[in-house]
Structures are given as structure tokens and as C-alpha cells.
Amino acid sequence: MSELTVEQHHMLEQYDQLLDTISEGLDYLENNITAEAPPQTQQVFQDVLLGLEQVSRTHDQMAVLFEEREEIQPLIIDFHEVVQMLQGWFTLETNEEKRGLLVEKVVPAYEEWRTRVQGFVKPYISH
40 MSELTVEQHH MLEQYDQLLD TISEGLDYLE NNITAEAPPQ TQQVFQDVLL GLEQVSRTHD
100 QMAVLFEERE EIQPLIIDFH EVVQMLQGWF TLETNEEKRG LLVEKVVPAY EEWRTRVQGF
160 VKPYISH
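Note that the working numbering has the sequence shown beginning at 40, numbered continuously upward.
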């Protein structure tokens with residue numbers, strides 16, 4: 040395992056925390072997207088999108104940092120597949136349809152991916 044700089048270590052810790060925060064946001068949406076959804080659900084959705092964008096930017100750095108680790112590329116590709124699923128949100132008209140997308144596709148795929156990527160990252164940030 041390569042030695043990380045303080046900045047790289049900090050980046051991976053922030054990344055790990057961001058993955059948990061996105062999970063919490065998706066959980067909130069899953070539980071609150073109803074016909075009478077509270078107004079803050081739209082803000083939580085926007086926050087989830089911003090978090091996913093930050094994850095994607097971090098992947099660019101991780102691809103360079105861990106270029107010798109062949110498992111990093113499949114993790115990044117799988118992340119993009121989760122984001123593709125979530126894009127279906129914009130074509131759905133009702134909150135019930137959006138909730139179905141989250142429950143049936145996005146959240147299970149994200150959580151499975153998050154478990155795998157955190158398993159990859161944890162050895163680098165645990166001391």
C-alpha cells in the first residue's frame with residue numbers, strides 16, 4: 040500500500056464521509072417522497088446531486104492516486120451507472136414514480152457500490 044500525503048489522506052476521509060452523507064440523503068428522500076412531499080425534499084435532492092458531483096471529481100484524483108490498483112476503474116464505472124439510473128428522476132412525473140425509482144433501483148445500487156468502495160478506501164484512512 041502506497042504512503043499517502045496528509046492532503047491525500049484528508050481527501051479520502053472527506054470522500055468516505057461524503058458517501059455516508061449521500062446515503063443519508065437518499066434515505067431521507069426514500070422516506071419523504073410522497074404525494075405531499077415536504078418542501079425540503081427538493082433541497083435534499085439538490086444536495087444529493089451536489090454530493091454525487093463531488094464524488095465524481097474525487098474519482099478523477101483517485102484514478103491517478105491508485106492507478107496501480109486495478110479494482111479502482113470498475114468502482115468508478117459502477118458509480119457512473121448509479122448516476123445514470125438516478126437521471127431517470129428527471130423523466131418521471133409523480134413523486135410515487137420517483138420514490139419507486141429510488142426504492143427499486145438507485146438506493147440498492149448505490150448502497151452496494153458504497154459498501155465496495157468504502158471497503159477499498161478504509162485501509163488507507165484507518166490508523
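Backbone N, C-alpha and C define an ideal beta-carbon position, used for all residues, glycine too.
Asked                                                                                                   : Found
CB of PHE159 within 8 Å of CB of LEU104, strictly                                                       : no
Validate contact between the stretch 84-97 and the stretch 108-122 using beta carbons, cut 8 Å, 3 pairs : yes
Presumed contact (8 Å Cβ cut-off) between VAL146 and LEU65, rounded CB distance                         : 5 Å
Three-state secondary structure (DSSP) of THR60                                                         : helix
Sequence-distant residues of its chain with Cβ nearer than 7 Å to LEU125 (five each side left out)      : VAL145
Span of the alpha helix (DSSP H), counted from its first residue to its last, around PHE118             : 111-125
VAL45 burial status per 10 Å Cβ neighbour count (16 or more: buried)                                    : exposed
Contact under 8 Å by Cβ, GLU135 with ALA74                                                              : yes
Exposure label - LEU131; buried when at least 16 CB within 10 Å                                         : exposed
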